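In the numbering used here, the protein residues as written are 2 to 240. Glycine is no exception: its CB is placed at the ideal position from the N, C-alpha and C atoms. Just so we're clear, the structure is a prediction, and the values are computed from it rather than from any experiment. Everything below concerns the one structure shown next.
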Ligand code: OAD
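Set out below in structure tokens:
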């Protein structure tokens, strides 16, 4: 029987941006095979050697600035425009391809490459330019305290109150292009399922938390997600 979902959550990971030419983290050419997490993505690394960490993200910024959304991001826009329900995107990605595609209600739980946070006063501001440890905060004026607004290992995720509310109220939880190894995001499916949501995973291959999902769609997100969106829209028309 065709179902109508009043609240939909789409969790995305690096795989949704792969067809936009951005490297995932754990693939053969992935970022974590070229760099040590401990050197560039932990809060300890930032305090020990902030300029090394700034350089890493300074180098990443132009590529992410130039990246274009792909068919998977655009499928989410279509769903949000046509399905007429409450659809939120929880993303682990620090790129801004969801926004570039016109997605609404996007929650960057791991932060954003184009934001900087002051570790002294908490002020967050946007830039696509380079940042160094000598720069000072435009709000409090203190220098050497600016950090990419990216959640490093050892820090709390962003927007977790909102995320909890979304997971507890969604009727459909779709996970796209994430390996399911980084918690707490990898556990979101369990929460959504516990509160009664249907669960669908879209991925190239079996993931480590694959057994938690009710349905699996194997394939590239750029094809699989538009197909799923069309299926949901057809079901809604039939209902
Ligand atoms: P991973 O690199 O761990 O996983 C990417 C997933 O995408 C894999 O399961 C691939 O099979 C899948 N994939 C690749 N190309 C795809 C495609 N075209 N279509 C569909 N799926 C595809 O990336 P994440 O799961 O996002 O955290 O990693 C989670 C977190 O680990 C990241 O947010 C980052 C990292 O450490 C921080 O930086 C805080």
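Since residue 148 is in the beta strand (DSSP E), which residue starts that stretch and which ends it? 147–151
Between the beta-carbon of residue 13 and the beta-carbon of residue 152, is there less than 8 Å? no
If we require 3 or more residues per run, which beta strand (DSSP E) segments fall completely within the region 57–130? 87–92, 107–109, 112–119, 125–127
Per DSSP, residue 202 is paired with what? 176, 217
Is the number of C-beta pairs between the region 15–25 and the region 175–195 that are closer than 8 Å three or more? yes
Residues near residue 7 by beta carbon distance below 8 Å, same chain, minus five either side: 86, 87, 172
As assigned by DSSP and simplified to three states, the class of residue 192: helix
Three or more C-beta pairs below 8 Å linking the region 74–84 and the region 97–109: yes
Just to confirm the assignment, what range does the alpha helix (DSSP H) spanning residue 11 have? Not the alpha helix (DSSP H): residue 11 falls in the beta strand (DSSP E), residues 8–13.
Excluding the 5 residues flanking residue 194 on each side, which residues of the same chain have their C-beta closer than 6 Å to its C-beta? 200
Over what stretch of residues does the alpha helix (DSSP H) that includes residue 234 continue unbroken? 222–239
At a threshold of 7 Å, does residue 20 count as lining ligand 1 (C-beta to nearest heavy atom)? yes
Tell me the DSSP secondary structure of residue 170 in three-state form. helix
Cβ shell of residue 216 (< 6 Å), same chain only, five flanking positions each side left out: 201
Suppose the cutoff is 6 Å on Cβ atoms and the five residues either side in sequence are ignored; what does the same chain contact list for residue 168 look like? 189, 192, 193
Backbone CA spacing between residue 37 and residue 154 [nearest angstrom]: 12 Å
What are the boundary residues of the alpha helix (DSSP H) that residue 184 is part of? No alpha helix (DSSP H) contains residue 184, which DSSP labels as neither H nor E.
Express the C-alpha separation of residue 70 and residue 123 in angstroms, rounding to a whole number. 30 Å
For residue 133, does the three-state DSSP call read helix, strand or coil? coil
Is residue 76 closer than 8 Å to residue 203 when the C-beta atoms are compared? no
For a test of the three-state rule: what should DSSP assign to residue 21, helix, strand or coil? helix
Just tell me which of 197, 141, 225, 196 has its CA closest to the CA of residue 206. 225
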